[in-house]
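Comments concern the structure below.
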Amino acid sequence: MFISVVIPTYNRLPILQKCLAALENQQIGAPIDGYEVVLVDDGSTDATVDWLTQSAHELPHVRLIKQSHGGPAQGRNRGVEHAQGDVIVFIDSDLVVEDDFLLAHARGLERQWQKQANRLCFTYGAVINTANFASPSSEPHKLRDLSWAYFATGNVAIDRQLLERSGLFDPRFHLYGWEDLELGERLRRLGVVLVRCPEAVGYHWHPALGLEQIPDLIRVEQERSKMALVFFRKHPTWRVRFIIQYTRLHFLLWELLTLGGLLNERSLRPLLGWLIRRGQASWAMELLRLPLNRIGVRAIYRQAKAASPTI
-3 MFISVVIPTY NRLPILQKCL AALENQQIGA PIDGYEVVLV DDGSTDATVD WLTQSAHELP
57 HVRLIKQSHG GPAQGRNRGV EHAQGDVIVF IDSDLVVEDD FLLAHARGLE RQWQKQANRL
117 CFTYGAVINT ANFASPSSEP HKLRDLSWAY FATGNVAIDR QLLERSGLFD PRFHLYGWED
177 LELGERLRRL GVVLVRCPEA VGYHWHPALG LEQIPDLIRV EQERSKMALV FFRKHPTWRV
237 RFIIQYTRLH FLLWELLTLG GLLNERSLRP LLGWLIRRGQ ASWAMELLRL PLNRIGVRAI
297 YRQAKAASPT I
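Using this note's numbering, read the sequence shown as starting at -3 and increasing by one per residue.
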């Protein structure tokens, strides 16, 4: 088995350096014959490309592919196009993995292939969220790290031929969100089995919440709402409605929990600041999710109505 780790990246140099260093230190053994890291730079405007060029001798497994800024879906497709492996592993460029990460995925796939007598499966590793930049892998596993997603590209491994048969990622998802879950819907229709692989651990770093991040978080929710409608138009099912929160139940839920919008990013700002100053940024983020969800759900309905009142 030869593994290609495909990673799109955009302006994430500091954590990307840790991500690639961890991938250079992978343990190799049966069933892995070798591996490569196909890094697709999505038009970064920071020092990413310069650093990669200067550090090439320290990153023998890394192959750099450059593209104009087109989003992660296009980046992952280009990475697969250039990959040499018969197994594709997807991770994000802000993920730092353990040294047995690839072995865990490879052994999980081999076991399931033998059990099923086919390759209609993928392994889904554990993603542990952390704000500890100095030592991401020191973060313990938490209840809120659990994910119920069927297919998410933060940490998955899949047979290349099966992935290509599914049609890869839809490049219409050019903004933030949903391109991986949409591919997951197509994989599900092919009868592909999700295999949990908690031994394949990745630590997803993102900075602790600061008040200055709020405008960007609102922007992300608005982008997600636009991409959510692309998802729904491809798969107009109740399952997808619930995934993207495009139901009256979700609309009413977030209206109730935010008291009709009285609890918003502005009214909550003093409390959020108080929590952050006391080292409770994670709780501040959970609180902020209330108005963020309301913003996202309302944006979906607003954009759907503007595009087609019958949706």
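Yeah, the Cβ is synthetic: ideal placement off N, Cα and C, and Gly gets one too.
{"Check": "Val58 beta carbon near the ligand GTP (any heavy atom closer than 7 Å)", "Outcome": "With respect to small molecules bound, the structure shown includes none, and the ligand GTP cannot be examined in it."}
{"Check": "Nearest-angstrom Cα separation, counted from Tyr6 out to Thr41", "Outcome": "8 Å"}
{"Check": "Segment limits, alpha helix (DSSP H) that includes Tyr297", "Outcome": "277 to 303"}
{"Check": "C-alpha gap between Glu261 and His246, whole angstroms", "Outcome": "19 Å"}
{"Check": "Terminal residues of the beta strand (DSSP E) in which Leu190 lies", "Outcome": "189 to 201"}
{"Check": "Counted within 10 angstroms of its Cβ, other Cβ atoms place Glu175 as buried (16 or more) or exposed", "Outcome": "buried"}
{"Check": "Same chain, Cβ closer than 7 Å to Asn128, five either side skipped, listed in chain order", "Outcome": "Ser134, Glu135"}
{"Check": "Test: Val152 CB closer than 8 Å to a CB of chain D", "Outcome": "Among the protein chains of the structure shown there is no chain D, as only one such chain exists."}
{"Check": "Per-residue DSSP class, three states only, for Ala130", "Outcome": "coil"}
{"Check": "DSSP three-state assignment for Ser162, whether helix, strand or coil", "Outcome": "helix"}
{"Check": "Helix, strand or coil at Ser221 according to DSSP, with G and I counted as helix", "Outcome": "helix"}
{"Check": "Given Pro167 as reference, the closest of Leu179, Arg156, Arg161, Leu159 once Cα atoms are compared", "Outcome": "Leu179"}
{"Check": "Selected residue, minimal CA-CA separation from Asp82, among Ile28, Arg237, Ser143, Ser263", "Outcome": "Ile28"}
{"Check": "Terminal residues of the beta strand (DSSP E) in which Thr44 lies", "Outcome": "Here Thr44 belongs to no beta strand (DSSP E); instead the alpha helix (DSSP H) covers 44 to 50."}
{"Check": "Endpoints, the alpha helix (DSSP H) within which Leu10 is located", "Outcome": "Reading off the sequence shown, one finds Pro at residue 10, where the question assumed Leu. Its alpha helix (DSSP H) spans residues 9 to 20."}
{"Check": "Exposure label - His202; buried when at least 16 CB within 10 Å", "Outcome": "exposed"}
{"Check": "Helix, strand or coil at Asn73 [DSSP, three-state]", "Outcome": "helix"}
{"Check": "Cβ pair count under 8 Å reaching 3, the stretch 63 to 71 against the stretch 152 to 171", "Outcome": "yes"}
{"Check": "Pro132 burial status per 10 Å Cβ neighbour count (16 or more: buried)", "Outcome": "buried"}
{"Check": "Run of the beta strand (DSSP E) containing Gly30, from where it starts to where it stops", "Outcome": "30 to 38"}
{"Check": "For Lys230, the three-state DSSP class (helix, strand or coil)", "Outcome": "helix"}
{"Check": "Alpha-carbon to alpha-carbon, Leu213 and Ile307", "Outcome": "Summary for Ile307: the model assigns pLDDT 46, below 50, so the residue's position carries little reliability, and this model does not support an answer."}
{"Check": "Beta-bridge partners of Tyr122, as assigned by DSSP", "Outcome": "Note that residue 122 is Ala in the sequence shown, not Tyr. Ala122 pairs with Val197."}
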